[in-house]
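What follows is one structure encoded as structure tokens, with my remarks underneath.
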Amino acid sequence: MTTPIQTIASALLAARRIVVFTGAGMSAESGIATFRDKPDSLWAKFNTREMASPAGWRENKQRVWAWYEGRRADVIATQPHAGHIAVAQLADTLQRVHGNPVQVSVITQNVDNLHERAGSESVIHLHGSLFEPRCMACSRPGEFASAPPDPQASTLEPPHCTHCGGYIRPGVVWFGEAMPEQPFRQAEELVDTCDAMLVIGTSGVVRPAADLPINAYQLGKFLAEINPTPSGLAGYMKVQWPTSAAQGLPELLAQIEQVQTS
Ligand SMILES: [Zn+2]
322 MTTPIQTIAS ALLAARRIVV FTGAGMSAES GIATFRDKPD SLWAKFNTRE
372 MASPAGWREN KQRVWAWYEG RRADVIATQP HAGHIAVAQL ADTLQRVHGN
422 PVQVSVITQN VDNLHERAGS ESVIHLHGSL FEPRCMACSR PGEFASAPPD
472 PQASTLEPPH CTHCGGYIRP GVVWFGEAMP EQPFRQAEEL VDTCDAMLVI
522 GTSGVVRPAA DLPINAYQLG KFLAEINPTP SGLAGYMKVQ WPTSAAQGLP
572 ELLAQIEQVQ TS
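Here it is in structure tokens:
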């Protein structure tokens, strides 16, 4: 009888292009509250229309900017967990075992930078990033004030664009806004060409992000879910491994390494 971890390890060892698709659960294990983990998340305590919509921004930019700077401060004070680190080490681990080059790409719905800080080099942010603000007027990348963000501030003047003087806005996708096209196309391309896809810590209900694993399923890719409880995408999975990312992913690396010695 093959266990979920063995099935996933074998599939990854046979793959050369791997997509790791992560959602809120991945960040939650580092202690970061996210859009969807209600009822006790920061998002539930605030009015999403005020804090996460273009209308809220037009109404009170200082309040919105202060809030996102607070979230950025939270992330800066947080560390990637063992699961983020395992994802960053996956390609090297596989290559050490079989000697062939492996590409691991992360597609995340999260707006923090924990994958990058753990060492992942290829990270696509489907819903934007707290760390990539841009000009409201000309869309050029913006810069933060040089002082570190104050998590307690309830109002804060947003910086201005050095090119056109427009307001710099948070780099996250708000409710009522379309997902940025280019990252989504890149993500689709990665899914089209991958051999295996791991779906980690996502509820699987946020569209169109959730279409990516469904595309992978329709293309006949190996699909495995690593989630404490089955997501809305569980029906598409070859394997559902009920564990958390911080717990399961280091075990998965150990399982892959065992092949080398056995
Ligand atoms: Zn500008």
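Read in order, the letters of the sequence shown are residues 322 to 583 in the working numbering.
Backbone N, C-alpha and C fix where the C-beta goes; we use that ideal spot for every residue, glycine too.
Three-state secondary structure assigned by DSSP to residue i
i: Leu435; result: helix
i: Ile577; result: helix
i: Phe342; result: strand
i: Leu333; result: helix
i: Glu453; result: coil
i: Pro469; result: coil
i: Glu546; result: strand
i: Gln400; result: coil
i: His448; result: coil
i: Asp358; result: In this prediction, Asp358 scores a pLDDT of 49, lower than 50, which makes its location untrustworthy; no coordinate-derived value is stated.
i: Thr414; result: helix
i: Met322; result: coil
i: Gln430; result: coil
i: Val560; result: strand
i: Leu540; result: coil
i: Ile521; result: strand
i: Pro375; result: helix
i: Pro534; result: helix
i: Pro462; result: strand
i: Pro422; result: coil
i: Leu570; result: helix
Of the residues the options, the one placed nearest residue i, counting alpha carbons only
i: Tyr538; options: Ser426, Ser351, Glu509, Val408; result: Glu509
i: His484; options: Arg370, Ala566, Cys456; result: Cys456
i: Leu544; options: Gly404, Gly486, Ile521, Pro479; result: Ile521
i: Pro549; options: Ser331, Gln561, Tyr488; result: Gln561
i: Lys517; options: Val340, Pro325, Ala330; result: The question names Lys, but residue 517 is Ala in the sequence shown. Ranking Val340, Pro325, Ala330 by Cα distance to Ala517 puts Val340 first.
i: Ser467; options: Ser460, Glu572, Pro480; result: Pro480
i: Ala383; options: Gly440, Val408, Arg490; result: Here residue 383 is Gln; the residue named in the question, Ala, does not match the sequence. Considering only alpha carbons, the answer is Arg490.
i: Pro401; options: Ser443, Ala439, Gly463; result: Ala439
i: Pro470; options: Ala398, Val580, His419, His446; result: Ala398
i: Lys559; options: Leu540, Ser565, Leu574, Ala566; result: Leu540
i: Leu519; options: Ala345, Cys459, Ala332; result: Ala332
i: Tyr389; options: Ala458, Pro454, Arg417, Glu380; result: Pro454
i: Leu511; options: Glu380, Gln424, Leu334; result: Gln424
i: Ala531; options: Ala566, Ser552, Ile547; result: Ser552
i: Gly556; options: Pro563, Ala345, Val427, Ile535; result: Ile535
i: Gln586; options: Leu533, Pro563, Ile445; result: Past the edges of the chain, shown from 322 to 583, lies residue 586, and the structure says nothing about it.
i: Val580; options: Met322, Leu334, Thr324; result: Leu334
i: Ser426; options: Arg379, Thr324, Glu350, Thr514; result: Thr514
i: Arg338; options: Ser351, Arg417, Pro375, Ala412; result: Ala412
i: Ala566; options: His419, Thr523, Gln416; result: Thr523
i: Pro529; options: Gly391, Ile547, Arg506; result: Arg506
i: Glu464; options: Ser441, Gly492, Gln416; result: Gly492
(Q) Closer than 8 Å is the cut-off here; do at least three beta carbon pairs connect the stretch 471-478 with the stretch 494-502? (A) Verdict: no, contact absent.
Q. Three or more beta-carbon pairs under 8 Å between the stretch 427-438 and the stretch 448-464, yes or no?
A. The stretch 427-438 vs the stretch 448-464: in contact.
Q | Contained alpha helix (DSSP H) runs [length at least 4] in the stretch 472-515, N- to C-terminal order | A | Fully enclosed alpha helix (DSSP H) runs of 4 or longer: 502-514.
Q. For the 8 Å Cβ check, are there 3 or more pairs between the stretch 399-411 and the stretch 564-578?
A. Flag = yes, the stretch 399-411 and the stretch 564-578 touch.
Q: Give me every residue whose Cβ sits closer than 6 Å to any heavy atom of ligand 1, in chain order.
A: For ligand 1, the selected residues are Cys456, Ala458, Cys459, Arg461, Cys482, His484, Cys485, Gly487.
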